[in-house]
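These notes are about the structure you will find just below.
In this note's numbering, the protein residues as written are 67 to 234.
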């Protein structure tokens, strides 16, 4: 592994068998593409039972990552599907993104921190993503937070609506 790839592997917090093996920087497009791969012969745990299983095949996936300075960054990976003798073929979860998301966990964390402080449309313009995609991220984490809250003892909810103040 060359030093550039090793630097990005360390910066992303990847551990074996994962590593960055190709880096493509396109100045004209203001884009950085990092290609993550796993070591040949690697085994991964079955997502259902945790049994160590061989790789059956892979699926190409892409995730938006935090910007590299002013350049949009994307992670590309061949995500393995394992062949479990008990549960069949399953896609392995990757350590840098949640299942079904087109963003890395770090990108989602940045978005969630930003939307606490400003409107979603403003955040979407700053991160150069559609507000619709960001709303899906927000919905995921708000739903997850609501599931963790015990409201069994709530007896009443009060809402107060105030009219905006416009001095005469």
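Backbone N, C-alpha and C define an ideal beta-carbon position, used for all residues, glycine too.
Using the C-alpha atoms, what's the distance from residue j back to residue i?
| i | j | result |
| --- | --- | --- |
| residue 101 | residue 146 | 14 angstroms |
| residue 107 | residue 198 | 39 angstroms |
| residue 194 | residue 131 | 12 angstroms |
| residue 214 | residue 208 | 10 angstroms |
| residue 221 | residue 205 | 25 angstroms |
| residue 191 | residue 200 | 11 angstroms |
| residue 138 | residue 98 | 6 angstroms |
| residue 228 | residue 72 | 56 angstroms |
| residue 79 | residue 122 | 25 angstroms |
| residue 150 | residue 189 | 42 angstroms |
| residue 182 | residue 174 | 13 angstroms |
| residue 233 | residue 212 | 39 angstroms |
| residue 178 | residue 184 | 10 angstroms |
| residue 162 | residue 125 | 16 angstroms |
| residue 112 | residue 230 | 56 angstroms |
Excluding sequence positions up to five away, which residues of its chain have a Cβ less than 6 angstroms from the Cβ of residue i?
| i | result |
| --- | --- |
| residue 75 | 85 and 86 |
Whole-angstrom Cβ separation of residue i and residue j, contact assumed at under 8 angstroms?
| i | j | result |
| --- | --- | --- |
| residue 148 | residue 110 | 5 angstroms |
| residue 164 | residue 171 | 7 angstroms |
| residue 169 | residue 203 | 7 angstroms |
| residue 160 | residue 143 | 6 angstroms |
| residue 156 | residue 186 | Not confirmed; about 34 angstroms, so no contact. |
Helix, strand or coil for residue i, going by three-state DSSP, please let me know.
| i | result |
| --- | --- |
| residue 137 | strand |
| residue 70 | helix |
| residue 226 | coil |
| residue 128 | strand |
Tell me which same chain residues have a C-beta within less than 7 angstroms of the C-beta of residue i, skipping the five on either side of it?
| i | result |
| --- | --- |
| residue 116 | none |
| residue 176 | 132 |
| residue 82 | 105 |
| residue 134 | 98 |
Checking contacts by CB at 8 angstroms: is residue i closer than that to chain C?
| i | result |
| --- | --- |
| residue 180 | Absence of chain C from the displayed structure is noted, only one protein chain being present. |
Every unbroken beta strand (DSSP E) inside the stretch 74 to 124 [3 residues or more]: 84 to 92, 97 to 104 and 109 to 111
Sequence ranges, alpha helix (DSSP H) only - wholly within the stretch 140 to 216, length at least 4: 171 to 181, 186 to 193 and 197 to 214
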